[in-house]
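Line by line, the protein sequences are chains D and U. So the first sequence is numbered by numbering that gives the first Met the number 0: it starts at 0 and just counts up by one. So the second sequence is numbered by numbering that gives the first Met the number 0: it starts at 0 and just counts up by one. I have placed the structure first, in the form of structure tokens, so that the comments after it can refer back to it.
Protein chains: 2
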Amino acid sequence: MSQVKILLDESDIPRHWYNVVADMPTPPAPPLGPDGNPIGPDALAAIFPDAIIEQEVSRERWIPIPEPVRDIYRMWRPTPLYRALRLEAALGTPARIYYKYEGVSPAGSHKPNTAVAQAYFNHKAGVRRLTTETGSGQWGSALAMAGQMFGIEVRVFMVRVSYEQKPFRRSMMETWGTEVIASPSSETRSGRRILDSQPDSPGSLGIAISEAVEEAVSRSDTNYALGSVLNHVLIHQTVIGLETKKQFEKAGDYPDVIIACCGGGSNFGGSAFPFFADKAAGRKVRLVAVEPESCPTLTRGHYAYDSGDTEGLTPLMLMYTLGRNFIPPSIHAGGLRYHGDSPLVSQLYHEGLIEAVAVPQRTTFEAGITFARAEGIIPAPESNHAIRVAIDEALASKRTGEPKTIYFTLSGHGHFDMGAYDRYFAGQLEDTSYPDEAIQAALADLPKVARNPA
Amino acid sequence: MSQVKILLDESDIPRHWYNVVADMPTPPAPPLGPDGNPIGPDALAAIFPDAIIEQEVSRERWIPIPEPVRDIYRMWRPTPLYRALRLEAALGTPARIYYKYEGVSPAGSHKPNTAVAQAYFNHKAGVRRLTTETGSGQWGSALAMAGQMFGIEVRVFMVRVSYEQKPFRRSMMETWGTEVIASPSSETRSGRRILDSQPDSPGSLGIAISEAVEEAVSRSDTNYALGSVLNHVLIHQTVIGLETKKQFEKAGDYPDVIIACCGGGSNFGGSAFPFFADKAAGRKVRLVAVEPESCPTLTRGHYAYDSGDTEGLTPLMLMYTLGRNFIPPSIHAGGLRYHGDSPLVSQLYHEGLIEAVAVPQRTTFEAGITFARAEGIIPAPESNHAIRVAIDEALASKRTGEPKTIYFTLSGHGHFDMGAYDRYFAGQLEDTSYPDEAIQAALADLPKVARNPA
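In structure tokens:
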């Protein structure tokens, strides 16, 4: 049998992150303040350290990875690139399928790639305390672990529906010494405002971000950390794609298509952007973002300026959005339940340089179970979205007889999501399509700035 | 920073398992039938395929690993050997601490090392169906996954207390296509007999084994697979120690002490026996088995012939035992709740060639949390037992100032054990010492054979 895992040495951990801004055909649109005017870097200083703000606005292609960050990366990186020989055999496809497994991190997903970087830069700036939000718990776990590594106290606002569905993600964060609060909570003005009008609110990432940002803004010893969406987060995640490229080189192969699930965009951006550099240089490679039909930000959202949180505490960003007041159905891929999307991913999609596809929930679990039975690993529900599309590509290859090299990122394991698998087996999972009316209504909700639809 | 992970290539996966019998100073005592006379290999033919029976009685030092088994091993093997630099720093010890992480297997522990082998040999013998028992769920998960890989239907009798404490282990097995039954169940005569006298029995491995063996014996299409205790199981697990030796060679170091938790003995035997070969050849290395104070088989049990299950369906084996009717306290290290111990481990301990130590439950969680906060990975409660002793060794090294090379096996992750961590944090975990009266009472329970105490 051929090699199953394509491994790299610790010395192969990238020494620089890649910044896709350097290769984008048009510069990214600036974030706007509440007055509709572009904001400068200093507007972010209340919640981010300087090093992060510099990365956020950087146009440099390569950003150095500090050695203390690489030292923590060594604990699980480089992650393995797998050749999915058993899945290929199960599907009877002539396609070659590869996946990179980010679930080997102690927190079980790709999220620590940026959590460790953010904890380090805050630690270096003398920050002792970080707040954040978490949906499925993957980001919160990652920051809990990373905070512990640098002696930073972490407080996590966890979307209530996930807090209830995934009590053991909370225990995991507590094991790493972190306090977890169900959001909306009564601890912030933003939370109380929501609870007043909707006491049984399931919460949303937008609300949890409002709470975490509010607390960071109101305390001088406290900064905020975001797990996705922003440029610096996607920059940190490019260790995924940079390693993948080295691994394909080692395997003597190159992908025809890169597939990754896309919520806020950090997994997709981190996986695909280093390949965008090749694409920009003329190489043929498709980059496909996969989102849930119940939260179809890229495929059915508006491309407009909107805020990143429900309360409008963040700057306005030009992105695909379902509206900041969007509260998505309680699907199980909690990491994909966000109203907006990374401005970088949004712009590349808007310019036709990347693809996006929305898939229904049940079919993603079906794909994940097929994968688990062939490859052993039980995937996170988020990752099942990428697996669905990868399997569809492989089956198309089978129909046409055309061999093809398919890559997807297995962004995390499903060890804390077995309740969702239970409900799938019990026939209790729904396919929720997002209603047209809500998409229309979001238009009226958009902030009134000159560049937005009237 | 030095290398954190000492990795091997897939080509370094051992081509042979190691059989410690070849290096033991005295041959192992034979298993006995109910009449007290040694049984031959054919007595096992009702539940095991020939290849497994040959391994069970083999005295060959090296047993070839079939290529289809190595091909499945490639999915996660060789497992990494970690240098615990951050734990060393946290403890301020001059000791060098290493651990091999078996939790990278899809089932999350070392158990697939033998599950895959057993599924393969049964598949090759034309068996379509396997029954087994599981305590913490790690063995059941491993056999569920392995069965799926070879197209074998698997039925798992899961100790009721674990079934209730760990519903997501059940979901995991179901995701791999396996049926899970809480034990004692009404599906077997053995189960019904227990339920009649004790309807709320928490179950035990001994009872679950009775149920699984009864079903395998009564159906001609069905074999039985055991996750620990027997010689062939420990043989398969030696891939752990064989890889560890190669990794120490690569690191230019050699352990002064090998530490592994010990329930039925498969993790300890698999980790330590390849080093016993060195010890037998004159090299100085300590081999330490760690068990819970609440189930002190080696440290306080009787060295006597006893059966492996509650109903007396298995042959009698000479081993340390707390008595086959032993029902241990519902501690959280479900994988260490077994009345007996591997005859090979027992004999080596009886002859003073290995060490054993029993540790209380709370202090193992304390050690596991110290480990998680330094090294990131959240360990299984079973593994916390080894971590406790490894930390104690490192602290002793700190006191004496003597550098030392300490190795322990991190046999699995704790992703399905977060409820136990919750209870630890809530102060609800007890330190249960096993009562002297029960140890005395077990004497009277021992089977009446010539070599047992009267």
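Ideal placement from N, C-alpha and C gives every residue a C-beta, glycine not left out. All values reported here derive from a predicted model rather than from experimental measurement.
Among the residues of the segment 222 to 256 of chain U, none has a Cβ less than 7 Å away from any Cβ of chain D.
For the pair of segments examined, the segment 101 to 115 of chain D was found not to touch the segment 52 to 62 of chain D: the number of CB pairs separated by less than 8 Å stays below three. Across the segment 72 to 87 of chain D, CB contacts with chain U closer than 7 Å involve 73 and 74, in sequence order along the chain. When the five nearest sequence neighbours on each side are left out, the beta carbons in the same chain lying within less than 6 Å of the beta carbon of residue 143/D are those of 153, 172, 175 and 177, in order along the chain. Shown here for residue 440/U: same chain residues with a beta carbon closer than 8 Å to its own, the five before and five after excluded, namely 322 in chain order.
Beta-bridge partners of residue 358/U (DSSP): 291/U.
According to the DSSP assignment, residue 80/D belongs to the beta strand (DSSP E) that extends over 80 to 82. Our two residues, residue 65/D and residue 374/U, have alpha carbons roughly 19 Å apart in a direct line. The beta carbons of residue 96/D and residue 366/D sit no closer together than 8 Å. Runs of the alpha helix (DSSP H) lying entirely within the segment 342 to 414 of chain D and spanning at least 4 residues, in chain order: 342 to 349, 360 to 374 and 380 to 399.
The beta-bridge partner set that DSSP reports for residue 61/D consists of 17/D. Against chain D, the CB of residue 430/U has no partner CB under 8 Å away; the residue lies outside that interface. Beta-bridge annotation (DSSP): residue 76/U is not paired with any residue. In the structure shown, residue 232/D adopts helical secondary structure according to DSSP, grouped into three states.
Following the DSSP letters along the chain, one finds residue 206/D inside the alpha helix (DSSP H) bounded by residues 204 to 217. Chain D places no beta carbon closer than 8 Å to that of residue 285/U, leaving this residue out of the contacts. The continuous stretches of alpha helix (DSSP H) do not include residue 303/U, which lies in the beta strand (DSSP E) extending over residues 301 to 306.
The alpha-carbon separation between residue 308/U and residue 114/U amounts to approximately 20 Å. Straight through space, the alpha carbons of residue 18/U and residue 312/U are spaced by roughly 26 Å.
The beta carbons of residue 3/D and residue 81/D sit about 6 Å from each other, so the pair counts as a contact at 8 Å.
Under the DSSP assignment, residue 112/U falls outside any beta strand (DSSP E), being part of the alpha helix (DSSP H) whose first and last residues are 111 to 123.
Bridge pairing for residue 320/D: 301/D [DSSP].
If you ignore the 5 residues before and after residue 331/U, its C-beta comes within less than 6 Å of the C-beta of 380 and 419, all in its own chain and listed in chain order. Under the 8 Å criterion on CB atoms, residue 421/D is classed as interfacial with respect to chain U. For residue 372/D, a Cβ of chain U is located within less than 8 Å of the residue's own Cβ. Taking 9 Å as the Cβ-Cβ cut-off, the segment 2 to 22 of chain U approaches chain D at 2, 3, 4, 6, 8, 9 and 10, given in chain order. For residue 174/U, at least one C-beta of chain D is nearer than 8 Å to its own C-beta. Look at the segment 159 to 174 of chain D: the residues with a C-beta under 7 Å from a C-beta of chain U are 167, 170, 171, 173 and 174. For the C-beta of residue 147/U, the chain D residues within less than 8 Å are, from N- to C-terminus, 372. Taking 9 Å as the cut-off between beta carbons, none of the residues of the segment 120 to 132 of chain D comes near chain U. For residue 103/D, the chain U residues whose C-beta falls within less than 7 Å of its own C-beta are 103, listed in chain order. Taking 8 Å as the Cβ-Cβ cut-off, the segment 374 to 395 of chain U approaches chain D at 374, 375, 376 and 377, given in chain order.
Under the DSSP definition of a beta bridge, residue 259/D partners with 288/D.
Under a criterion of Cβ atoms nearer than 7 Å, no residue of chain U is adjacent to residue 407/D; the nearest Cβ is some 17 Å distant.
By the Cβ criterion, the segment 130 to 137 of chain D is in contact with the segment 208 to 220 of chain D, since at least three pairs of Cβ atoms, one from each stretch, lie closer than 8 Å.
Taking CB atoms only, residue 156/D has no neighbour in chain U less than 8 Å away.
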